[in-house]
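In terms of this note's numbering, the sequence shown opens at residue 4 and continues consecutively.
See below for the structure under consideration.
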Amino acid sequence: MSEHGTWRRVSREGRRFLRGRTRTLRRLALWSLLESAHTFLGGYAVARALDDGFLAGRTGTGIGWLAVAGVGALLGALALRGVFGGLADLVEPLRDGLVRRSVRQAIGLAVSDPARASRAGDSGAVSRLTQQTEMARDSFAGLVLIARSFVFTALGALLGLAALAPVLLVLVLPALLLGTAAFLATLRPMARVQRAALDADEALSGRTGELAAGLRDVIACGGGASAGAGIELLIAEQERLTGRLARWTALRTLALGVAGRLPVVVLLAGTPWLLGRGVSAGAVAGALTYLVQSLLPALDALMTAVGAAGTRLLVVLDRFCDPEAAPRPHPEPLAVDPGPVSGPPAPPAPPAPTSPAVELRRVRFAYGPRAHPVIDDLDLLVRPGEHLAVVGPSGIGKSTLTALIAGLLPPGRGTVRVAGAPACGAPGRAAPGYGPDVRRTLLPQQAYVFTGTVHENLTHLCPGPVSRGEVERATAVLGADALVARLGGPDAVVDPGRLTPGERQHLALAAAYLSPAPLLLLDEATCHLDPRAEERAERALAERPGTLVVVAHRISSAVRADRVLVLDGTRAVCGTHAELPARSPLYRDLVGLWNAQG
């Protein structure tokens with residue numbers, strides 16, 4: 004909508020709000036009349052104190068007039084006290100109304116257009132309900148307080164100047180109006196920048212919320228750089244808008260200088276001319292008092308408030324007045340960026356490994372310098388193409404082991420190598436600065452599914468484009484084809500919040516199957532699947548070219564593996580399912596318990 008339309012809509016809503024509170028406005032006006040009296044007496048009493056008192060040799064009269072000015076100051080303080088009481092009756096209903104409207108907008112969007120609400124997320128609605136509501140409340144309160152003060156202060160000052168000598172207005176008003184016109188010219192551009200800044204703030208809020216929800220998975224998939232790039236673009240946009248706002252603020256300050264300082268300069272420069280035409284010295288001093296102590300400070304406060312809080316209030320209220328207002332999502336969904344589809348070709352897949360797929364030598368890891376080690380003196384060699392299951396009681400270090408192999412944690416001692424290179428910090432990206440790690444893929448227990456299409460969720464671990472046929476074959480092998488059909492097909496938009504944990508795991512497993520990484524790490528990534536679906540997924544991933552390391556949720560996963568690593572807190576034992584019961588009492592107990600339950 005155009006700026007004119009924005010102002011018209013906000014103005015219409017504002018008039019409707021104020022019409023329902025005429026009694027409060029009358030109270031504010033009556034209290035503010037005392038402020039006009041205070042301003043009038045301030046300059047007029049100074050003029051009379053000089054002309055009729057001190058300059059005429061009547062000191063008592065001069066002191067009397069100054070006492071009158073003091074009474075005016077007391078009237079101003081009394082007026083301010085009454086104004087604050089009326090201000091609360093005006094501001095709090097505005098805040099309450101905005102909160103109700105924000106809630107209605109969010110609920111209405113969710114009911115009328117669930118798909119749009121799903122894509123947008125609720126971060127924009129939360130921003131309006133909290134930050135923007137309070138911003139509107141504070142800005143409105145400041146504007147009412149300052150605008151009211153300026154109007155009644157200007158009324159008292161201009162009446163005082165006319166009462167002292169009408170010719171004083173001829174000198175003061177042109178400079179005052181010139182600066183005010185220059186200031187008003189900056190309002191619309193500043194409002195545009197403020198609106199753009201709020202758009203960027205909502206987009207940044209939505210992006211960071213999405214990224215935080217899947218941060219561990221983004222890092223594990225090697226998408227930190229690409230996901231962070233989107234955040235950096237929004238931050239750069241905010242920085243650019245801040246610079247533009249600063250430039251307009253500088254122009255506003257210049258206009259304020261013209262309106263606030265030039266009248267004083269003109270009055271002082273024109274003093275000989277005024278005295279030559281019969282204007283008394285007391286009248287000139289009174290006019291200077293009006294300018295320096297009343298009119299110009301009030302104008303300074305008004306321009307500052309309108310230039311900052313006023314434009315901000317206009318933009319924020321437009322969000323609430325717009326019937327189509329809704330969280331403004333970033334145009335693109337957050338995803339682990341698979342890299343450009345066009346442009347430079349994706350690097351070729353890594354060559355067939357000649358080194359062990361995973362190699363750990365005397366690895367020790369503890370969560371702190373004085374903490375008991377979770378992994379201690381562990382040696383492990385996983386051959387290329389091997390299927391290894393990791394078992395052990397909860398908290399024994401299974402997830403820590405996968406994090407070490409994935410490069411998420413550095414070992415405290417020893418070495419961890421993947422495909423012959425150090426697990427931490429070794430080059431393995433699909434392309435410089437972005438894209439997934441082509442050496443390995445980690446699937447944690449909490450599967451990462453982002454707001455995007457089904458196809459994007461299934462292919463985000465691939466460095467290049469993936470055909471529709473490849474995706475259909477993968478979902479069929481994993482048994483996820485029925486889920487994809489139920490979601491609406493590959494082009495349907497996924498709402499992670501509407502998926503069950505098992506459905507999220509099914510999509511993540513299909514994405515891992517399509518990944519070109521020769522090493523897959525499953526950290527209880529099938530725990531929400533039923534045994535039959537888990538078996539189908541693990542067999543499919545094991546038959547896929549590459550190495551599979553599974554943190555077992557059920558002993559059945561260990562039965563299907565080539566070898567099993569048993570972590571028992573004192574020593575690690577590795578062997579086949581058939582030979583481990585004789586070598587590991589813990590494994591024997593786990594198998595016995597599983598057989599008893601089966």
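From the three backbone atoms N, C-alpha and C, an ideal C-beta is built for every residue, glycine too.
Please report the straight-line C-alpha distance between residue i and residue j, rounded to a whole angstrom.
i    : j    : result
T27  : L190 : 28 Å
D303 : T183 : 10 Å
A626 : D202 : Past the edges of the chain, shown from 4 to 601, lies residue 626, and the structure says nothing about it.
R443 : V569 : 22 Å
L589 : D526 : 20 Å
L383 : E389 : 13 Å
I378 : V421 : 18 Å
A495 : V487 : 9 Å
V623 : T403 : Since the first residue of the chain shown is 4 and the last is 601, residue 623 is not available in this structure.
S35  : G163 : 16 Å
P425 : L248 : 48 Å
G63  : G56  : 7 Å
L78  : T156 : 13 Å
R151 : A40  : 14 Å
L148 : R501 : 47 Å
G423 : L237 : 38 Å
G281 : A288 : 14 Å
P396 : A206 : 43 Å
Y451 : L461 : 11 Å
A70  : T42  : 14 Å
L445 : E473 : 21 Å
P343 : P519 : Residue placement at P343 is poorly supported in this model, since its pLDDT is 36, which falls under 50; the coordinates still yield a value, given next. Spanning the two alpha carbons is a distance of roughly 17 Å.
Which residue marks the beginning of the alpha helix (DSSP H) containing residue i, and which one marks its end?
i    : result
V170 : 170-188
H509 : 504-517
T292 : 284-292
R471 : 471-481
R29  : 25-51
D484 : 484-490
L278 : 274-279
L407 : 401-409
L583 : 583-586
S559 : 558-563
On the DSSP bridge list, what partners appear for residue i?
i    : result
F368 : I378
L363 : L383, V419
H390 : L551
C577 : L568
P425 : R420
G455 : V497
L525 : L446, V553
Between residue i and residue j, which are expected to be in contact by the criterion C-beta below 8 Å, what is the C-beta distance as a whole number of angstroms?
i    : j    : result
V497 : V457 : 6 Å
L411 : C465 : The pair is not a contact, with the Cβ atoms about 21 Å apart (cut-off 8 Å).
L512 : A540 : 5 Å
F153 : A301 : 4 Å
A649 : L254 : Because the chain here runs from 4 to 601, residue 649 falls outside it and cannot be looked at.
L391 : R566 : 5 Å
R586 : V576 : 5 Å
V554 : T405 : 6 Å
A543 : V480 : 5 Å
A72  : L37  : With a Cβ gap of about 15 Å, A72 and L37 do not count as contacting.
L167 : A284 : Going by Cβ atoms, the distance from L167 to A284 rounds to 11 Å, so no, they are not a contact pair.
Take the Cβ of residue i as the centre, count every other Cβ of all protein chains shown within 10 Å, and call the residue buried at 16 or more, exposed below.
i    : result
V74  : exposed
R51  : buried
Y47  : buried
V173 : exposed
A239 : exposed
A160 : buried
T503 : exposed
P447 : buried
D54  : buried
H463 : buried
W68  : buried
S358 : exposed
P330 : Low per-residue confidence applies at P330: pLDDT is 41, beneath 50, and the placement is therefore not dependable, though the value from the model is reported in the following sentence. It counts as buried.
D533 : exposed
W251 : buried
R557 : buried
L44  : buried
I399 : buried
V268 : exposed
D380 : exposed
G492 : exposed
Following the continuous beta strand (DSSP E) through residue i, name the residue where it begins and the one where it ends.
i    : result
R535 : First-last for R535: 534-546, but that is the alpha helix (DSSP H), not the beta strand (DSSP E).
R443 : 443-446
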